[in-house]
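In this text, residue positions in the sequence shown follow our numbering: the first is 3, and each later residue adds one. Note that CB positions come from ideal geometry on N, CA and C, so glycine has one too. A quick note: this is a predicted structure, and the numbers were derived from the prediction, not measured.
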Amino acid sequence: MKTLMQSICLPASAVILAVSLIVGGLLAASPGNGGFFPGLGAALGMQALGAGNCLSFFLNAVCWGSGFRPRWLRLLLLIQAVPALFYAGWAVSALWTGGLEQSAYAQRRAIEDAIGKDDLPALLRAREACSKRCQALSNQHDDLLVATWASSHHVATYLVGRGARVSVGNWYPSQTDLRTCEGSYIPNPMPLSVAVAKRDMDMMRLLLPVSDAYARSEALQLAARLDRLDLVTFLSSNGIPLQRGGPGQRGDHLLVAAASGAAMHVGKWLLTAQPVAIEHAEMQKATEALYAFMDNVQVARSLDFARMLKANGADFNAAFRGEPSFLDEAIRTKRKDIAQVLLAVGVDSSRLSPARVAALSELLHEPDKPFYNARTEGCFETGV
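Here's what the structure looks like:
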């Protein structure tokens, strides 16, 4: 039996050690200053060396314990012992840390589940059981965002009472991005903006007093982009200036936000009532925002919004994105749908170069391409 163990363990130990030295050495010597994970090769190489040495040491120790004790094996065990112990200690520590992290995430999920159910007693129990690692995963400002998404008014009221605020200084997880059902993408909305998207009036009234100027401005811009004129006037009546920017600054006009969603009701109100004067530069920014919207979304009202802008002084023949005109950019990017909108608005195609005229003719004769909307689940409707 001892001879059989030795005949198996020693060759296996030698093969494992040799493979780990070769593979680990190659990985450790690989360039580690590029790609998404710089230094990954070196890290994997050290892992291979450590694991191979530890397993080889174990097999050699089995042979030693079976009575096979030549001097060379004793020397090899002494050489392998220290790095094997270091690797084993690191592995145990990593497993322990992983267990603590898993427990912390489970505690965090319990908090989010309680928030989602608007169960304040359950939330208090979950927060009481939350370890330091769990507490490091989020704070009450993040919890307020979760509560807003879930329309958990009791929890949100409790959090606001405990000092939760809606501020640009707070960090909000990127998995809370918004998408309209048409395909527009709104990254990292703050809680007040989420309340606007969900048309949660009670939540808006709760969050408005504890939101900073940036959060308020963002919410107003989103209301305009989603073409919710009633929310624009509601937010404006609650002290949010229609002009973006602080005192002494001049930010983008609300018309730019409306154009970024081809928001007809808000756009018409801004252009006819003109609660804030619209300068030509802002009109051009709105024109560029509308083009960016058409880049991502195909809806018939884009043409109506473009005509409305043109009737109020927008210049669709102006230079755009390094091209002589908006139409040139549409031709360059082979966007037949946008080119058709621009031609319907009345852009001057005679200003195109002969090469672009030929490219436009070819583009217009291409078959229409269906527009792919990546995701509609959990989306928000525009104008409702």
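Which listed residue (the options) has its alpha carbon closest to that of residue i
i	options	result
residue 271	10, 293 and 233	233
residue 19	195, 61, 32 and 29	61
residue 302	140, 347, 188 and 206	347
residue 339	296, 266, 25 and 45	296
residue 12	53, 331, 71 and 29	71
residue 164	146, 179 and 192	146
residue 205	187, 239, 93 and 150	150
residue 119	158, 363, 135 and 228	158
residue 68	10, 363 and 107	10
residue 140	112, 156 and 155	112
residue 170	116, 288, 185 and 212	212
residue 308	324, 290 and 325	290
residue 153	368, 241 and 203	203
residue 43	316, 78 and 32	32
residue 384	86, 135, 81 and 187	187
residue 21	46, 50 and 30	50
residue 87	99, 15, 100 and 59	59
residue 101	135, 30 and 337	135
residue 15	24, 29, 63 and 28	63
residue 94	53, 172 and 292	53
residue 282	293, 254 and 267	254
residue 364	337, 131 and 85	337
residue 201	231, 217, 368 and 216	231
residue 131	115, 110 and 148	110
residue 293	267, 335 and 268	335
residue 277	84, 23 and 235	235
residue 1	81, 310 and 23	Nothing can be reported for residue 1: it is not among the residues displayed for the chain, which extend from 3 to 386.
residue 356	370, 330, 89 and 371	330
C-beta contact flag for residue i and residue j at 8 Å
i	j	result
residue 305	residue 341	no
residue 2	residue 182	For the chain, the structure presents residues 3 to 386; residue 2 sits outside this window and is missing.
residue 196	residue 225	no
residue 166	residue 142	yes
residue 344	residue 318	yes
residue 333	residue 353	no
residue 108	residue 133	no
residue 349	residue 328	yes
residue 122	residue 156	yes
residue 219	residue 242	yes
residue 223	residue 259	yes
residue 66	residue 77	no
residue 284	residue 244	no
residue 229	residue 265	yes
residue 314	residue 362	no
residue 316	residue 288	yes
residue 237	residue 221	yes
residue 117	residue 125	yes
residue 179	residue 193	no
residue 217	residue 168	yes
residue 47	residue 27	yes
residue 148	residue 184	no
residue 172	residue 210	no
Which residues DSSP lists as bridging residue i, in chain order
i	result
residue 325	322
residue 382	182
Limits of the unbroken alpha helix (DSSP H) element including residue i
i	result
residue 230	Segment: none, residue 230 is in no alpha helix (DSSP H) and carries neither H nor E.
residue 459	Residue 459 is absent from the structure shown; the chain starts at 3 and stops at 386.
residue 245	Where residue 245 is concerned, there is no enclosing alpha helix (DSSP H), given that its DSSP letter is neither H nor E.
residue 119	Note, residue 119: premise wrong, no alpha helix (DSSP H); not H, not E.
residue 356	356-366
residue 62	42-67
residue 278	Careful: residue 278 lies outside any alpha helix (DSSP H) and carries neither H nor E.
residue 265	Looking at the DSSP string, residue 265 is not in any alpha helix (DSSP H), and its letter there is neither H nor E.
Can you list the alpha helix (DSSP H) stretches of 4 or more residues lying completely in the stretch 160-222, in chain order? Counting only runs of 4 or more, we get 193-199 and 203-209.
Whole alpha helix (DSSP H) elements within the stretch 285-348, 4-residue minimum: 303-313, 328-334 and 338-347
Ranges of the alpha helix (DSSP H) found wholly within the stretch 130-158, counting only runs of at least 4: 134-138 and 142-152
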